[in-house]
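S.K.: Each residue of the sequence shown is one higher than the one before, starting from 19 at the first, in my numbering.
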Amino acid sequence: MIIEPRMRGFICLTAHPAGCEQNVKNQIDYVKSKGAIDGAKKVLVIGASTGFGLASRISSAFGSDAATIGVFFEKPPMPGKTASPGWYNSAAFEKEAHKAGLYAKSINGDAFSNEVKRETLDLIKADLGQVDLVIYSLASPVRTNPNTGVTHRSVLKPIGGTFTNKTVDFHTGKVSEVSIEPCSGDDIENTIAVMGGEDWAMWIDALKAENLLAPGATTVAYSYIGPEVTEAVYRKGTIGRAKDHLEATSFTISDSLADINGKAYVSVNKALVTQASSAIPVIPLYISLLYKTMKEKGIHEGCIEQIQRLYQQRLFTGADVPVDEKGRIRIDDWEMREDVQANVAKLWLEATTENLSEIGDLEGYRKDFYNLFGFDLAGVDYKTEANEMVQVESIAQ
(Lines of atoms letter the chains of each structure in order from A and count residues from 1; the text may use other names and numbers.)
(Lines give C-alpha, C1' and ligand atoms only; values in the text may rest on other atoms or scores of the structure.)
Protein backbone atom coordinates (compact mmCIF):
# COMPACT_ATOMS: atom_id res chain seq x y z
CA MET A 1 0.00 0.00 0.00
CA ILE A 2 1.01 3.66 -0.35
CA ILE A 3 1.96 4.82 3.15
CA GLU A 4 1.75 8.49 4.09
CA PRO A 5 2.20 10.25 7.44
CA ARG A 6 -1.12 10.50 9.30
CA MET A 7 -0.95 12.91 12.21
CA ARG A 8 -2.98 13.21 15.37
CA GLY A 9 -1.64 16.08 17.47
CA PHE A 10 1.97 15.31 18.33
CA ILE A 11 1.75 11.67 17.25
CA CYS A 12 2.19 10.13 13.82
CA LEU A 13 -0.16 7.15 13.45
CA THR A 14 1.67 5.53 10.55
CA ALA A 15 5.25 4.41 9.90
CA HIS A 16 7.04 3.65 6.66
CA PRO A 17 8.95 0.32 6.61
CA ALA A 18 11.33 1.30 3.80
CA GLY A 19 11.94 4.70 5.41
CA CYS A 20 12.65 3.15 8.81
CA GLU A 21 15.04 0.71 7.12
CA GLN A 22 16.84 3.58 5.40
CA ASN A 23 17.09 5.44 8.71
CA VAL A 24 18.69 2.39 10.36
CA LYS A 25 21.10 1.89 7.44
CA ASN A 26 22.14 5.56 7.66
CA GLN A 27 22.96 5.10 11.36
CA ILE A 28 24.89 1.89 10.67
CA ASP A 29 26.90 3.64 7.95
CA TYR A 30 27.72 6.48 10.36
CA VAL A 31 29.00 4.11 13.07
CA LYS A 32 31.10 2.16 10.57
CA SER A 33 32.57 5.41 9.19
CA LYS A 34 33.92 6.32 12.66
CA GLY A 35 36.04 3.18 13.03
CA ALA A 36 36.06 0.21 15.40
CA ILE A 37 35.32 0.63 19.11
CA ASP A 38 37.00 -1.73 21.58
CA GLY A 39 33.71 -2.17 23.44
CA ALA A 40 31.46 -4.82 24.96
CA LYS A 41 30.91 -8.02 22.96
CA LYS A 42 27.63 -9.28 24.48
CA VAL A 43 25.07 -6.57 24.97
CA LEU A 44 21.52 -6.37 26.32
CA VAL A 45 19.58 -3.25 25.33
CA ILE A 46 16.35 -2.68 27.26
CA GLY A 47 14.32 -0.22 25.17
CA ALA A 48 16.16 -1.06 21.94
CA SER A 49 13.83 0.03 19.15
CA THR A 50 14.03 3.83 18.86
CA GLY A 51 16.12 6.83 19.88
CA PHE A 52 19.09 6.33 22.19
CA GLY A 53 18.31 2.63 22.72
CA LEU A 54 18.36 1.88 18.99
CA ALA A 55 21.54 3.97 18.60
CA SER A 56 23.12 1.95 21.44
CA ARG A 57 22.27 -1.34 19.76
CA ILE A 58 23.64 -0.13 16.42
CA SER A 59 26.82 1.27 18.03
CA SER A 60 27.41 -2.01 19.90
CA ALA A 61 26.84 -4.22 16.87
CA PHE A 62 28.49 -2.21 14.11
CA GLY A 63 31.10 -0.44 16.26
CA SER A 64 32.24 -3.41 18.35
CA ASP A 65 30.89 -6.48 16.46
CA ALA A 66 28.77 -7.24 19.53
CA ALA A 67 26.07 -9.88 19.86
CA THR A 68 22.93 -8.01 20.92
CA ILE A 69 19.61 -8.85 22.51
CA GLY A 70 17.04 -6.07 22.21
CA VAL A 71 13.93 -5.78 24.38
CA PHE A 72 11.11 -3.46 23.32
CA PHE A 73 7.33 -3.08 23.30
CA GLU A 74 6.18 -2.34 19.76
CA LYS A 75 3.05 -2.83 17.70
CA PRO A 76 3.45 -5.43 14.90
CA PRO A 77 1.83 -4.76 11.51
CA MET A 78 -1.57 -6.01 10.43
CA PRO A 79 -2.79 -6.21 6.82
CA GLY A 80 -3.56 -2.63 5.77
CA LYS A 81 -2.19 -1.22 9.05
CA THR A 82 1.43 -0.28 9.64
CA ALA A 83 3.50 -1.38 12.61
CA SER A 84 4.94 1.18 15.02
CA PRO A 85 8.29 2.63 13.80
CA GLY A 86 10.27 0.74 16.46
CA TRP A 87 9.06 -2.55 14.99
CA TYR A 88 10.33 -1.64 11.52
CA ASN A 89 13.59 -0.26 13.00
CA SER A 90 14.18 -3.55 14.80
CA ALA A 91 13.35 -5.60 11.70
CA ALA A 92 15.85 -3.55 9.68
CA PHE A 93 18.50 -3.77 12.39
CA GLU A 94 18.25 -7.56 12.64
CA LYS A 95 18.32 -7.93 8.85
CA GLU A 96 21.54 -5.88 8.61
CA ALA A 97 23.12 -7.53 11.68
CA HIS A 98 22.43 -11.04 10.36
CA LYS A 99 23.77 -10.02 6.96
CA ALA A 100 26.98 -8.93 8.70
CA GLY A 101 27.22 -12.28 10.50
CA LEU A 102 26.31 -10.82 13.89
CA TYR A 103 24.09 -12.46 16.52
CA ALA A 104 20.91 -10.40 17.06
CA LYS A 105 17.68 -11.50 18.69
CA SER A 106 14.73 -9.46 19.95
CA ILE A 107 11.97 -9.80 22.52
CA ASN A 108 8.75 -7.82 22.09
CA GLY A 109 6.79 -7.26 25.31
CA ASP A 110 6.44 -5.21 28.48
CA ALA A 111 9.98 -4.85 29.86
CA PHE A 112 8.53 -3.90 33.26
CA SER A 113 6.93 -7.35 33.60
CA ASN A 114 8.46 -10.40 35.31
CA GLU A 115 7.49 -12.51 32.27
CA VAL A 116 9.63 -10.51 29.82
CA LYS A 117 12.51 -10.41 32.30
CA ARG A 118 12.28 -14.19 32.59
CA GLU A 119 12.20 -14.66 28.82
CA THR A 120 15.25 -12.41 28.45
CA LEU A 121 17.24 -14.21 31.17
CA ASP A 122 16.48 -17.57 29.56
CA LEU A 123 17.63 -16.30 26.15
CA ILE A 124 20.91 -14.93 27.55
CA LYS A 125 21.49 -18.20 29.40
CA ALA A 126 20.84 -20.30 26.28
CA ASP A 127 22.66 -18.20 23.69
CA LEU A 128 25.22 -15.86 25.26
CA GLY A 129 25.99 -17.25 28.73
CA GLN A 130 26.60 -13.77 30.13
CA VAL A 131 26.41 -10.13 29.02
CA ASP A 132 29.07 -7.49 29.63
CA LEU A 133 26.98 -4.39 28.89
CA VAL A 134 23.36 -3.61 29.81
CA ILE A 135 21.84 -0.44 28.34
CA TYR A 136 18.65 0.75 30.04
CA SER A 137 16.74 3.12 27.74
CA LEU A 138 13.04 2.69 28.48
CA ALA A 139 10.69 5.60 27.79
CA SER A 140 7.13 4.80 28.81
CA PRO A 141 4.41 6.94 30.37
CA VAL A 142 2.92 3.97 32.26
CA ARG A 143 4.33 1.13 34.38
CA THR A 144 2.64 -1.68 36.22
CA ASN A 145 4.83 -2.76 39.13
CA PRO A 146 5.14 -6.56 38.69
CA ASN A 147 5.38 -7.16 42.45
CA THR A 148 2.45 -5.01 43.62
CA GLY A 149 0.26 -5.08 40.50
CA VAL A 150 -0.23 -1.30 40.86
CA THR A 151 -0.25 0.70 37.62
CA HIS A 152 1.54 4.05 37.83
CA ARG A 153 1.20 6.91 35.34
CA SER A 154 3.84 9.59 35.02
CA VAL A 155 3.04 13.28 34.57
CA LEU A 156 5.12 16.11 33.25
CA LYS A 157 4.31 18.95 35.63
CA PRO A 158 6.06 21.63 37.63
CA ILE A 159 6.23 21.35 41.42
CA GLY A 160 4.81 24.07 43.66
CA GLY A 161 3.43 26.55 41.13
CA THR A 162 2.03 27.08 37.64
CA PHE A 163 4.69 27.29 34.93
CA THR A 164 4.11 29.75 32.07
CA ASN A 165 6.42 30.24 29.11
CA LYS A 166 6.67 30.18 25.32
CA THR A 167 6.15 27.10 23.20
CA VAL A 168 5.74 26.33 19.50
CA ASP A 169 3.40 24.11 17.53
CA PHE A 170 6.06 22.58 15.29
CA HIS A 171 3.49 21.69 12.60
CA THR A 172 2.32 25.28 12.11
CA GLY A 173 5.26 27.26 13.51
CA LYS A 174 2.94 29.23 15.77
CA VAL A 175 4.70 30.53 18.89
CA SER A 176 2.35 31.00 21.83
CA GLU A 177 2.29 31.04 25.59
CA VAL A 178 1.52 27.88 27.51
CA SER A 179 0.70 27.36 31.18
CA ILE A 180 1.15 24.04 32.98
CA GLU A 181 -0.59 23.51 36.30
CA PRO A 182 1.52 22.14 39.17
CA CYS A 183 1.43 18.51 40.20
CA SER A 184 -0.83 17.30 42.98
CA GLY A 185 -1.58 14.20 45.04
CA ASP A 186 0.67 11.25 44.20
CA ASP A 187 1.97 12.73 40.92
CA ILE A 188 5.61 12.83 42.07
CA GLU A 189 5.59 9.28 43.51
CA ASN A 190 3.85 7.90 40.40
CA THR A 191 6.32 9.60 38.05
CA ILE A 192 9.26 8.24 40.05
CA ALA A 193 7.68 4.75 39.95
CA VAL A 194 7.53 4.91 36.12
CA MET A 195 10.68 6.84 35.19
CA GLY A 196 12.97 6.42 38.20
CA GLY A 197 15.52 3.68 38.78
CA GLU A 198 13.42 0.93 40.39
CA ASP A 199 12.93 -1.15 37.25
CA TRP A 200 16.58 -0.69 36.17
CA ALA A 201 17.66 -2.09 39.55
CA MET A 202 15.18 -4.99 39.19
CA TRP A 203 16.73 -5.93 35.84
CA ILE A 204 20.28 -5.85 37.20
CA ASP A 205 19.32 -7.79 40.35
CA ALA A 206 17.63 -10.46 38.21
CA LEU A 207 20.63 -10.77 35.87
CA LYS A 208 23.11 -10.92 38.75
CA ALA A 209 21.09 -13.46 40.73
CA GLU A 210 21.45 -15.92 37.84
CA ASN A 211 25.11 -15.14 37.17
CA LEU A 212 24.34 -13.61 33.77
CA LEU A 213 26.59 -10.54 34.22
CA ALA A 214 30.19 -11.05 33.13
CA PRO A 215 33.04 -9.95 35.44
CA GLY A 216 33.52 -6.19 35.02
CA ALA A 217 30.06 -5.76 33.44
CA THR A 218 28.84 -2.21 32.90
CA THR A 219 25.28 -0.89 32.87
CA VAL A 220 24.23 2.54 31.60
CA ALA A 221 20.90 4.38 31.88
CA TYR A 222 20.11 7.63 30.07
CA SER A 223 19.05 10.93 31.61
CA TYR A 224 18.68 14.61 30.75
CA ILE A 225 19.29 17.87 32.61
CA GLY A 226 18.77 20.71 30.14
CA PRO A 227 18.85 24.50 30.42
CA GLU A 228 17.37 27.03 32.78
CA VAL A 229 14.49 27.83 30.43
CA THR A 230 13.03 24.29 30.72
CA GLU A 231 14.07 23.76 34.35
CA ALA A 232 10.72 24.37 36.06
CA VAL A 233 8.84 21.90 33.89
CA TYR A 234 11.66 19.41 33.44
CA ARG A 235 14.61 19.09 35.83
CA LYS A 236 12.86 20.78 38.78
CA GLY A 237 9.49 19.22 37.93
CA THR A 238 8.08 15.73 38.41
CA ILE A 239 10.32 14.23 35.71
CA GLY A 240 13.37 15.79 37.37
CA ARG A 241 12.49 13.95 40.60
CA ALA A 242 12.34 10.70 38.63
CA LYS A 243 15.73 11.48 37.03
CA ASP A 244 17.17 12.23 40.50
CA HIS A 245 15.96 8.78 41.59
CA LEU A 246 17.45 7.16 38.47
CA GLU A 247 20.79 8.83 39.13
CA ALA A 248 20.79 7.81 42.81
CA THR A 249 20.03 4.23 41.73
CA SER A 250 23.27 4.09 39.74
CA PHE A 251 25.23 4.21 43.02
CA THR A 252 23.08 1.47 44.58
CA ILE A 253 23.61 -0.72 41.53
CA SER A 254 27.37 -0.03 41.49
CA ASP A 255 27.53 -1.16 45.15
CA SER A 256 25.66 -4.36 44.28
CA LEU A 257 28.08 -5.06 41.39
CA ALA A 258 31.28 -4.39 43.38
CA ASP A 259 31.95 -8.11 43.91
CA ILE A 260 32.11 -8.71 40.14
CA ASN A 261 34.01 -5.44 39.60
CA GLY A 262 30.96 -4.06 37.73
CA LYS A 263 29.79 -0.49 37.46
CA ALA A 264 26.58 1.46 36.80
CA TYR A 265 26.52 4.86 35.15
CA VAL A 266 23.95 7.44 34.19
CA SER A 267 24.77 9.23 30.95
CA VAL A 268 23.27 12.72 30.65
CA ASN A 269 22.47 13.14 26.96
CA LYS A 270 21.59 16.02 24.65
CA ALA A 271 18.08 17.34 23.90
CA LEU A 272 16.82 15.62 20.75
CA VAL A 273 13.60 15.19 18.80
CA THR A 274 11.81 12.09 20.09
CA GLN A 275 8.16 11.06 20.26
CA ALA A 276 8.24 11.93 23.97
CA SER A 277 9.98 15.31 23.70
CA SER A 278 7.61 16.47 20.94
CA ALA A 279 4.71 16.27 23.38
CA ILE A 280 6.43 18.32 26.11
CA PRO A 281 5.45 22.01 25.99
CA VAL A 282 8.40 24.44 25.70
CA ILE A 283 10.86 21.70 24.56
CA PRO A 284 10.16 21.92 20.76
CA LEU A 285 10.89 25.67 20.80
CA TYR A 286 14.07 25.14 22.82
CA ILE A 287 15.24 22.34 20.50
CA SER A 288 14.62 24.34 17.33
CA LEU A 289 16.74 27.23 18.72
CA LEU A 290 19.37 24.79 20.01
CA TYR A 291 19.61 23.00 16.64
CA LYS A 292 20.13 26.28 14.80
CA THR A 293 22.88 27.33 17.23
CA MET A 294 24.71 23.98 17.30
CA LYS A 295 24.51 23.52 13.53
CA GLU A 296 26.01 26.98 13.00
CA LYS A 297 28.86 26.04 15.35
CA GLY A 298 29.34 22.66 13.64
CA ILE A 299 28.64 20.64 16.80
CA HIS A 300 25.11 19.36 16.20
CA GLU A 301 24.49 15.68 17.01
CA GLY A 302 21.56 13.30 16.62
CA CYS A 303 21.04 10.10 18.63
CA ILE A 304 23.58 8.04 16.72
CA GLU A 305 26.32 10.69 16.88
CA GLN A 306 25.73 11.08 20.62
CA ILE A 307 25.91 7.38 21.44
CA GLN A 308 28.84 6.67 19.11
CA ARG A 309 30.77 9.47 20.90
CA LEU A 310 29.64 8.14 24.30
CA TYR A 311 31.06 4.72 23.42
CA GLN A 312 34.26 5.87 21.72
CA GLN A 313 35.23 8.82 23.92
CA ARG A 314 33.76 7.94 27.33
CA LEU A 315 32.88 4.29 27.99
CA PHE A 316 35.49 2.35 26.04
CA THR A 317 38.70 4.38 26.03
CA GLY A 318 40.66 1.93 28.18
CA ALA A 319 40.92 4.61 30.89
CA ASP A 320 38.64 5.53 33.79
CA VAL A 321 35.23 6.80 32.63
CA PRO A 322 35.15 10.59 33.16
CA VAL A 323 32.21 11.75 35.31
CA ASP A 324 30.99 15.03 36.83
CA GLU A 325 30.85 15.87 40.55
CA LYS A 326 27.64 13.82 40.86
CA GLY A 327 29.15 10.75 39.18
CA ARG A 328 27.34 11.25 35.85
CA ILE A 329 28.76 10.91 32.35
CA ARG A 330 28.18 14.22 30.54
CA ILE A 331 27.70 13.72 26.82
CA ASP A 332 25.47 16.83 26.84
CA ASP A 333 28.72 18.82 27.16
CA TRP A 334 28.38 20.53 23.78
CA GLU A 335 24.72 21.46 24.36
CA MET A 336 25.55 22.96 27.76
CA ARG A 337 28.57 24.92 26.52
CA GLU A 338 28.39 28.52 27.74
CA ASP A 339 28.44 30.06 24.25
CA VAL A 340 25.67 27.72 23.06
CA GLN A 341 23.39 28.38 26.03
CA ALA A 342 23.98 32.15 25.92
CA ASN A 343 22.94 32.25 22.27
CA VAL A 344 19.84 30.08 22.84
CA ALA A 345 18.80 32.28 25.80
CA LYS A 346 19.13 35.39 23.61
CA LEU A 347 17.12 33.83 20.75
CA TRP A 348 14.46 32.64 23.22
CA LEU A 349 13.62 36.22 24.16
CA GLU A 350 13.38 37.20 20.47
CA ALA A 351 11.38 34.21 19.20
CA THR A 352 8.00 34.93 17.59
CA THR A 353 5.79 33.17 15.05
CA GLU A 354 7.05 35.61 12.43
CA ASN A 355 10.80 35.17 12.92
CA LEU A 356 11.18 31.58 14.18
CA SER A 357 11.86 30.13 10.73
CA GLU A 358 14.86 32.49 10.50
CA ILE A 359 16.30 32.41 14.02
CA GLY A 360 15.44 28.77 14.74
CA ASP A 361 15.66 25.47 12.90
CA LEU A 362 12.00 24.49 12.81
CA GLU A 363 12.55 22.78 9.46
CA GLY A 364 15.27 20.61 11.00
CA TYR A 365 12.97 19.81 13.91
CA ARG A 366 10.14 18.77 11.58
CA LYS A 367 12.48 16.67 9.43
CA ASP A 368 13.83 14.83 12.47
CA PHE A 369 10.28 14.23 13.70
CA TYR A 370 9.15 12.72 10.38
CA ASN A 371 12.36 10.69 10.15
CA LEU A 372 11.39 8.99 13.45
CA PHE A 373 8.47 7.41 11.59
CA GLY A 374 10.40 6.63 8.41
CA PHE A 375 9.23 9.64 6.39
CA ASP A 376 11.14 12.37 4.55
CA LEU A 377 14.34 10.33 4.12
CA ALA A 378 16.49 10.69 1.02
CA GLY A 379 16.69 7.59 -1.14
CA VAL A 380 13.16 6.35 -0.40
CA ASP A 381 10.45 6.43 -3.06
CA TYR A 382 7.30 7.25 -1.10
CA LYS A 383 5.14 7.12 -4.22
CA THR A 384 5.57 3.36 -4.67
CA GLU A 385 3.65 0.76 -2.73
CA ALA A 386 5.31 -0.50 0.44
CA ASN A 387 4.85 -3.87 2.11
CA GLU A 388 3.58 -3.11 5.60
CA MET A 389 3.83 -6.76 6.70
CA VAL A 390 7.54 -6.71 7.57
CA GLN A 391 8.59 -9.17 10.28
CA VAL A 392 11.41 -9.07 12.83
CA GLU A 393 13.42 -12.16 11.85
CA SER A 394 14.11 -13.60 15.33
CA ILE A 395 10.52 -13.00 16.48
CA ALA A 396 9.07 -14.54 13.31
CA GLN A 397 11.06 -17.72 14.02
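Think of the CB as a built atom: it goes at the ideal place given N, C-alpha and C, for glycine as much as any other residue.
1) If we call anything under 8 Å between Cβ atoms a contact, is L151 one with A235?
2) Among all the DSSP beta bridges, which residues are the ones paired with M407?
3) Within its chain, find whatever has a CB closer than 7 Å to the CB of S102; leave out the 5 residues flanking it on each side and keep chain order.
4) For D379, which residues of its own chain have a beta-carbon under 6 Å away from its beta-carbon, when the five flanking residues on both sides are left out?
5) Which residue's Cα is closest to the Cα of L290: G69, S77, K226?
6) Here's the rule I'm using: 16 or more other beta-carbon atoms within 10 Å means buried, otherwise exposed. How should N41 be labelled?
7) DSSP puts L151 in a beta bridge; with which residues?
8) Below 8 Å between beta carbons: does that hold for L139 and L225?
9) If distances are taken between C-alpha atoms only, which option among K113, K261, V89, G119 comes closest to A129?
10) Go through its chain and collect everything with a Cβ distance to K344's Cβ below 8 Å, but skip five positions before and after it.
11) Considering only the beta carbon of each residue, do L275 and D217 sit closer than 8 Å?
12) Look at G98 and A54 and say whether their C-beta atoms are less than 8 Å apart.
13) Around the C-beta of S405, are 16 or more other C-beta atoms found within 10 angstroms, so that it is buried, or is it exposed?
14) Determine the direct distance from the alpha carbon of P245 to that of Q359, and round the result to whole angstroms.
15) For the putative contact between A219 and T256, defined by C-beta atoms under 8 Å, what is the C-beta separation to the nearest angstrom?
16) Counting only the same chain and skipping the five closest in sequence on each side, list residues whose C-beta sits under 7 Å from that of Y329.
17) So, using beta-carbon positions, are V149 and A73 closer together than 8 Å?
18) When you compare only the Cα positions, how much space is there between G119 and I347?
19) Note the first and the last residue of the continuous alpha helix (DSSP H) segment covering G81.
20) Sorted by chain position, which residues of the same chain lie with C-beta nearer than 7 Å to D342's C-beta, five sequence neighbours on each side aside?
21) Hey, K123 and S412: beta-carbon distance below 8 Å or not?
M.R.: Short version:
1) Along the sequence shown, one-based indexing puts residue 151 at 133. Along the sequence shown, one-based indexing puts residue 235 at 217. A contact, by the Cβ cut-off of 8 Å.
2) Counting from one through the sequence shown, the residue named residue 407 turns up at place 389. None; M407 has no bridge partner.
3) By one-based count along the sequence shown, residue 102 stands at place 84. So the qualifying residues of the chain are A33, E92, K93.
4) In the sequence shown, counting from the first residue as 1, residue 379 sits at position 361. Only S306, Y309, K310 meet the Cβ criterion.
5) Counted from its first residue, the sequence shown places residue 290 at position 272. Looking at the Cα atoms, G69 is the closest of the given residues.
6) Counting from 1 along the sequence shown, the entry for residue 41 is found at position 23. Answer is buried; the Cβ neighbour count reaches 16.
7) Your numbering for residue 151 matches position 133 in the sequence shown. DSSP, once it has assigned bridges, lists V61, T236 as partnering L151.
8) Residue mapping note: residue 139 aligns to position 121 of the sequence shown, counting from 1. Residue mapping note: residue 225 aligns to position 207 of the sequence shown, counting from 1. Their beta carbons are under 8 Å apart, which means L139 touches L225 by this criterion.
9) Residue mapping note: residue 129 aligns to position 111 of the sequence shown, counting from 1. Minimum Cα distance to A129 is reached at V89.
10) What you label residue 344 is simply residue 326 of the sequence shown in a count that begins at 1. Within the same chain, K344 has close Cβ partners E265.
11) For this step, residue 275 is matched to residue 257 along the sequence shown. For this step, residue 217 is matched to residue 199 along the sequence shown. Their beta carbons are not under 8 Å apart, which means L275 does not touch D217 by this criterion.
12) Translated into positions along the sequence shown, residue 98 becomes position 80. Translated into positions along the sequence shown, residue 54 becomes position 36. Against a cut-off of 8 Å, the Cβ pair of A54 and G98 comes out as no contact.
13) In the sequence shown, counting from the first residue as 1, residue 405 sits at position 387. It is worth fixing the name first, because residue 405 is Asn in this sequence and not Ser. Exposed.
14) Within the sequence shown, the letter at position 341 stands for residue 359. Within the sequence shown, the letter at position 227 stands for residue 245. Cα-Cα distance, rounded: 7 Å.
15) If you number the sequence shown from 1, residue 219 lands on position 201. If you number the sequence shown from 1, residue 256 lands on position 238. In fact, because the Cβ distance is near 20 Å, the residues do not count as touching under 8 Å.
16) Numbered from 1 along the sequence shown, position 311 holds the residue referred to as residue 329. Once the five neighbours on either side are set aside, the close Cβ partners of Y329 are I55, G57, S77, G81.
17) As a working note, residue 149 is residue 131 in the sequence shown. As a working note, residue 73 is residue 55 in the sequence shown. No, they are not a contact pair.
18) The sequence position of residue 119 within the sequence shown is 101, counting from 1. The sequence position of residue 347 within the sequence shown is 329, counting from 1. Rounded to the nearest angstrom, the two C-alpha atoms are 32 Å apart.
19) Mapped onto the sequence shown, residue 81 falls at position 63. Its alpha helix (DSSP H) spans residues 69–82.
20) Counted from its first residue, the sequence shown places residue 342 at position 324. R348.
21) Here residue 123 is taken as the residue at index 105 of the sequence shown, counted from 1. Here residue 412 is taken as the residue at index 394 of the sequence shown, counted from 1. Going by C-beta atoms, K123 is nearer than 8 Å to S412.
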